[in-house]
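In structure tokens form, the structure reads like this:
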């Protein structure tokens, strides 16, 4: 369950980053953070992101940059396509040892570009094109375009943060981190607004405003997201009934659960379990004929 709060990057084979063209139906990914640099380039559809308490709705062709350890949630509406690029903190530290202090511009639009921005978008598009074609030796060309892209991103869309700052925002982030950890440890049992607020020494009213501001969700919606994500993991690993898995994960309202599940995964638990069973049966059958 740690990935609900913190995620690790999984690089593509023989590439120094994870690169993926994502096609998805309406989906909500609840608030979380990670050390790696994440970049989204919207191709088509609608995407809303709440990043560090700011809401963004990029136009197609624009970039969203999620810096290391920034709290963020994303939500798509309708069929949406975007490029997903993730570069690990280890890779970034090869060039910027103090990577955590490097801040990239969050929203980068494609209009009114400087020469450096034009080069940046050119290398991103070339990188995606070569990755999709996957001609012999494509990893070399994709890597070359990746480093060119990062070079121009650094040149025209970044700055260094001052060290040692402890403003209201960082204090609020520590509180949000504490709340999310509290949910992660207690999501299987009944959770109330009063208990969550008390865990951080906050009033109920201030807690509600703070949580919605930084996560883009109400506390109840976030708790339901966490429970549903864990339900999904157990659904794929367990033969227990859907009702029993709901009980184990603190999900008591079937109607609300089904709505949240469809928002997050675009289908029903029954269909996902059926699809997983078919896939497992197919893999088992193929293994019988593998020498």
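Residue numbers (the UniProt record's numbering): 1 to 291.
All residues carry an ideal CB built from backbone N, CA and C; glycine is no exception.
As the structure is a computational prediction, the values presented were derived from the model and not from experiment.
Whole-angstrom distance between residue j and residue i, CA atom to CA atom
{"i": "residue 104", "j": "residue 39", "result": "10 Å"}
{"i": "residue 13", "j": "residue 176", "result": "35 Å"}
{"i": "residue 2", "j": "residue 232", "result": "Below a pLDDT of 50, predicted positions are generally treated as unreliable, and residue 2, at 37, falls in that range; no measurement from the model is reported."}
{"i": "residue 53", "j": "residue 214", "result": "4 Å"}
{"i": "residue 195", "j": "residue 227", "result": "17 Å"}
{"i": "residue 98", "j": "residue 204", "result": "38 Å"}
{"i": "residue 106", "j": "residue 59", "result": "13 Å"}
{"i": "residue 28", "j": "residue 152", "result": "31 Å"}
{"i": "residue 50", "j": "residue 274", "result": "34 Å"}
{"i": "residue 129", "j": "residue 66", "result": "23 Å"}
{"i": "residue 251", "j": "residue 245", "result": "8 Å"}
{"i": "residue 185", "j": "residue 191", "result": "11 Å"}
{"i": "residue 217", "j": "residue 68", "result": "21 Å"}
{"i": "residue 132", "j": "residue 207", "result": "45 Å"}
{"i": "residue 70", "j": "residue 34", "result": "7 Å"}
{"i": "residue 266", "j": "residue 26", "result": "6 Å"}
{"i": "residue 263", "j": "residue 224", "result": "11 Å"}
{"i": "residue 6", "j": "residue 188", "result": "With a pLDDT of 43 at residue 6, under the threshold of 50, the modelled position of that residue is not reliable, and no figure is offered here."}
{"i": "residue 261", "j": "residue 116", "result": "42 Å"}
{"i": "residue 253", "j": "residue 23", "result": "30 Å"}
{"i": "residue 102", "j": "residue 271", "result": "43 Å"}
{"i": "residue 199", "j": "residue 149", "result": "43 Å"}
{"i": "residue 256", "j": "residue 41", "result": "32 Å"}
{"i": "residue 93", "j": "residue 146", "result": "15 Å"}
{"i": "residue 4", "j": "residue 209", "result": "No answer about residue 4 holds up, because its pLDDT of 38 lies below 50 and its placement is not dependable."}
{"i": "residue 56", "j": "residue 45", "result": "14 Å"}
{"i": "residue 72", "j": "residue 64", "result": "11 Å"}
Endpoints, alpha helix (DSSP H) assigned at residue i
{"i": "residue 71", "result": "No alpha helix (DSSP H) contains residue 71, which DSSP labels as neither H nor E."}
{"i": "residue 54", "result": "Careful: residue 54 lies outside any alpha helix (DSSP H), inside the beta strand (DSSP E) at 54-56."}
{"i": "residue 199", "result": "193-199"}
{"i": "residue 261", "result": "254-265"}
{"i": "residue 221", "result": "219-237"}
{"i": "residue 245", "result": "242-248"}
Expected contact under 8 Å - CB spacing of residue i and residue j to nearest Å
{"i": "residue 87", "j": "residue 36", "result": "6 Å"}
{"i": "residue 242", "j": "residue 211", "result": "About 29 Å; that fails the 8 Å criterion."}
{"i": "residue 19", "j": "residue 127", "result": "7 Å"}
{"i": "residue 77", "j": "residue 222", "result": "The Cβ separation is near 19 Å, so there is no contact."}
{"i": "residue 193", "j": "residue 219", "result": "6 Å"}
{"i": "residue 143", "j": "residue 269", "result": "Between residue 269 and residue 143 the Cβ distance is about 40 Å, and since that is not below 8 Å, they are no contact."}
Residues that DSSP places opposite residue i in a beta bridge
{"i": "residue 46", "result": "77"}
{"i": "residue 208", "result": "According to DSSP, which records beta bridges pairwise, residue 208 is partnered with nothing at all."}
{"i": "residue 27", "result": "76"}
{"i": "residue 86", "result": "18, 38"}
{"i": "residue 123", "result": "The partner list for residue 123 (beta bridge, DSSP) is empty, contrary to what the question assumes."}
{"i": "residue 158", "result": "104"}
{"i": "residue 51", "result": "54, 72"}
{"i": "residue 32", "result": "72"}
Proximity test, residue i beta-carbon vs the ligand ADP heavy atom, cut-off 6 Å
{"i": "residue 48", "result": "Absent from the structure shown: the ligand ADP. Ligands present: none."}
Three-way DSSP call (helix, strand, coil) for residue i in this model
{"i": "residue 202", "result": "coil"}
{"i": "residue 96", "result": "coil"}
{"i": "residue 271", "result": "helix"}
{"i": "residue 181", "result": "helix"}
{"i": "residue 172", "result": "helix"}
{"i": "residue 251", "result": "coil"}
{"i": "residue 59", "result": "coil"}
{"i": "residue 149", "result": "helix"}
{"i": "residue 279", "result": "helix"}
{"i": "residue 5", "result": "With a pLDDT of 43 at residue 5, under the threshold of 50, the modelled position of this residue cannot be trusted; read the value that follows with caution. DSSP places residue 5 in coil when its eight states are reduced to three."}
{"i": "residue 144", "result": "helix"}
Extent of the continuous beta strand (DSSP E) run through residue i
{"i": "residue 64", "result": "63-66"}
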